[in-house]
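Protein chains in written order, with full-length UniProt numbering: chain A, 1 to 218; chain B, 1 to 218. Below you'll find the structure, written out as structure tokens, and then a few comments.
There are 2 protein chains.
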Amino acid sequence: MVAGVLFDVDGTLVDTTYLHAVCWWRAFRQHDHDVPMARIHRAIGMGSDKILDELLSADRDRDKDDELRTGHSALYSQYWTSLRPQPGAVELIRACARKGLTVGLASSAAPPEFAVLRRVLDVDDVVAGATNSGDAAESKPDPDIVQAALDRTGLSADSVVFVGDAVWDVYAAGKLSIPCVGLTCGGISAAELRDAGAVAVYADPAELHGSIERLSRG
Amino acid sequence: MVAGVLFDVDGTLVDTTYLHAVCWWRAFRQHDHDVPMARIHRAIGMGSDKILDELLSADRDRDKDDELRTGHSALYSQYWTSLRPQPGAVELIRACARKGLTVGLASSAAPPEFAVLRRVLDVDDVVAGATNSGDAAESKPDPDIVQAALDRTGLSADSVVFVGDAVWDVYAAGKLSIPCVGLTCGGISAAELRDAGAVAVYADPAELHGSIERLSRG
Chain A
1 MVAGVLFDVD GTLVDTTYLH AVCWWRAFRQ HDHDVPMARI HRAIGMGSDK ILDELLSADR
61 DRDKDDELRT GHSALYSQYW TSLRPQPGAV ELIRACARKG LTVGLASSAA PPEFAVLRRV
121 LDVDDVVAGA TNSGDAAESK PDPDIVQAAL DRTGLSADSV VFVGDAVWDV YAAGKLSIPC
181 VGLTCGGISA AELRDAGAVA VYADPAELHG SIERLSRG
Chain B
1 MVAGVLFDVD GTLVDTTYLH AVCWWRAFRQ HDHDVPMARI HRAIGMGSDK ILDELLSADR
61 DRDKDDELRT GHSALYSQYW TSLRPQPGAV ELIRACARKG LTVGLASSAA PPEFAVLRRV
121 LDVDDVVAGA TNSGDAAESK PDPDIVQAAL DRTGLSADSV VFVGDAVWDV YAAGKLSIPC
181 VGLTCGGISA AELRDAGAVA VYADPAELHG SIERLSRG
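So this is what it looks like as structure tokens:
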């Protein structure tokens, strides 16, 4: 019996993945790192601490890592006022709450960015608990953020479903034996999400909403 | 026996797909159209004439279509000086020419954008023929641009391979019974390219270069 649902936020509930990809690419280019955008896209969803190790060579000048992260954040902040929920995201969250499911947000966004994402969604009145990068020692694919969201919502791993758009969400949930439903609205294909271990894949929150009975049966 | 190779350019040889996706999204937002970026990404590679019909409702104000296209082009032009070849693109083109394969570029970019892409690649000395949107009545997935590239290079459909990164490339080549090799460097997954009919899938031009013997045997 499923008692609650934990949601990744970036790419899953708010349409940010492509903006993050292009902003990382621009930040890398400012420091003469050429990283193909499709590679960056596949790394989005890891924490910004891990993205640099995933995408840049180990012998880079690590003194510049903070500048790269700051560059990405500054470029991305230009989009804050333009961000939009994914199709059906708000309706899905509210429908889960109406069905008596506890809703948690398990985001690896930094606190100021996370505040923007919450404003875009405007569902705080039905969210039982939310985490951001400040609540976990290690970002996804480590499970710390998912564990923090469990702690904050009072849910236990054996009665919860995770919903995410990145393979890193699937891996993080898997480390706690939590089934993960994948959404392709972050641009990662159904095949990639299934290969990572997603138990089901939907196009976006709107399509998952249409199958919510299946979700609540677990 | 393969006599030549035709290449899509945007996303296949130059890393532009994500920039196009974000610029279309921004152009749509300027006119209050909300289109999720993953949906836009999957439409990239169609001509700009077809993208609007693919992504916007049929009952939109079509008098604004030209403004939308101009908006996208203006936003995208800000990236012209930052564009980079995909990994191994230049080396692959030159290797094909050294092996005696005729090389053609079959792009649906508009002429000014196409001039920028050719400058980024800097391989005109070994390209036998190139087309842009001005050379075809209908853009991909219609085969007009591929046929124009055949005409311009003197190649025939039964002795050529097409290389592209979008399902629209696979469909366009397929209408002329030309086998299409898919590259995932535009962010479309191997599964999606294979489902569309790609005969083989590689990560990027660099990986295809490593299998060039297989390509030249056809």
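Note that beta-carbon positions come from the ideal geometry of N, C-alpha and C, so glycine has one too.
Range of the contiguous beta strand (DSSP E) that encloses residue i
i, result
"residue 200(A)", "200-202"
"residue 163(A)", "160-164"
"residue 5(A)", "4-7"
"residue 104(A)", "102-106"
Beta-carbon separation (whole angstroms), residue i vs residue j, contact threshold 8 Å
i, j, result
"residue 150(B)", "residue 170(B)", "Actually they do not touch by this definition, with Cβ atoms about 17 Å apart."
"residue 78(A)", "residue 14(A)", "With a Cβ gap of about 16 Å, residue 78(A) and residue 14(A) do not count as contacting."
"residue 161(A)", "residue 146(A)", "Between residue 146(A) and residue 161(A) the Cβ distance is about 11 Å, and since that is not below 8 Å, they are no contact."
"residue 9(A)", "residue 109(A)", "6 Å"
"residue 121(A)", "residue 89(A)", "6 Å"
"residue 204(B)", "residue 205(A)", "Between residue 205(A) and residue 204(B) the Cβ distance is about 32 Å, and since that is not below 8 Å, they are no contact."
"residue 189(B)", "residue 191(A)", "6 Å"
"residue 212(A)", "residue 74(A)", "The Cβ separation is near 38 Å, so there is no contact."
Distance between residue j and residue i (C-alpha atoms, nearest Å)
i, j, result
"residue 63(B)", "residue 214(A)", "44 Å"
"residue 53(A)", "residue 76(A)", "20 Å"
"residue 143(B)", "residue 34(B)", "30 Å"
"residue 69(B)", "residue 58(B)", "16 Å"
"residue 93(B)", "residue 22(B)", "28 Å"
"residue 132(A)", "residue 106(A)", "7 Å"
"residue 48(B)", "residue 128(A)", "44 Å"
"residue 60(B)", "residue 136(B)", "26 Å"
"residue 50(B)", "residue 27(B)", "16 Å"
"residue 17(B)", "residue 154(A)", "42 Å"
"residue 179(A)", "residue 101(A)", "16 Å"
"residue 157(A)", "residue 6(A)", "10 Å"
"residue 45(A)", "residue 208(B)", "28 Å"
"residue 196(B)", "residue 184(B)", "13 Å"
"residue 124(A)", "residue 114(A)", "12 Å"
"residue 210(A)", "residue 172(A)", "25 Å"
"residue 126(A)", "residue 91(A)", "11 Å"
"residue 186(B)", "residue 12(A)", "21 Å"
"residue 97(A)", "residue 66(B)", "43 Å"
"residue 38(A)", "residue 1(B)", "32 Å"
"residue 232(B)", "residue 202(A)", "Nothing can be reported for residue 232(B): it is not among the residues displayed for chain B, which extend from 1 to 218."
Of the listed residues the options, nearest to residue i (C-alpha basis)
i, options, result
"residue 30(B)", "21(A), 32(A), 82(A) and 49(A)", "82(A)"
"residue 167(B)", "20(B), 43(B), 16(B) and 26(B)", "43(B)"
"residue 141(A)", "92(A), 116(A), 164(A) and 119(A)", "164(A)"
"residue 40(B)", "89(B), 25(B) and 212(B)", "25(B)"
"residue 19(A)", "72(A), 65(A) and 2(A)", "72(A)"
"residue 112(B)", "134(B), 176(B), 36(B) and 51(B)", "134(B)"
"residue 4(A)", "99(A), 117(A) and 196(A)", "99(A)"
"residue 130(A)", "103(A), 32(A) and 159(A)", "103(A)"
"residue 119(A)", "80(A), 91(A), 156(A) and 139(A)", "80(A)"
"residue 139(A)", "32(A), 125(A) and 175(A)", "175(A)"
"residue 177(B)", "187(B), 186(B) and 159(B)", "159(B)"
"residue 32(B)", "152(A), 55(A), 84(A) and 202(A)", "84(A)"
Range of the contiguous alpha helix (DSSP H) that encloses residue i
i, result
"residue 210(B)", "205-210"
"residue 136(A)", "That residue, residue 136(A), is in no alpha helix (DSSP H); it is neither H nor E in DSSP."
"residue 186(A)", "From DSSP, residue 186(A) is part of no alpha helix (DSSP H); its letter is neither H nor E."
"residue 63(B)", "From DSSP, residue 63(B) is part of no alpha helix (DSSP H); its letter is neither H nor E."
"residue 150(A)", "144-153"
"residue 175(A)", "Unbroken run through residue 175(A): none, as it is neither H nor E."
"residue 219(A)", "The structure shown does not extend to residue 219(A), since chain A is modelled only from 1 to 218, so the question has no answer here."
"residue 37(B)", "37-43"
"residue 50(B)", "48-55"
"residue 128(B)", "That residue, residue 128(B), is in no alpha helix (DSSP H); it is neither H nor E in DSSP."
"residue 80(B)", "No alpha helix (DSSP H) holds residue 80(B); DSSP gives it neither H nor E."
"residue 17(B)", "17-30"
"residue 232(A)", "Coverage of chain A is limited to positions 1 through 218, which leaves residue 232(A) absent and any answer about it impossible."
"residue 95(B)", "89-98"
CB contact below 8 Å: residue i versus chain D
i, result
"residue 67(A)", "No chain D appears in the structure shown, which is made up of the protein chains A and B."
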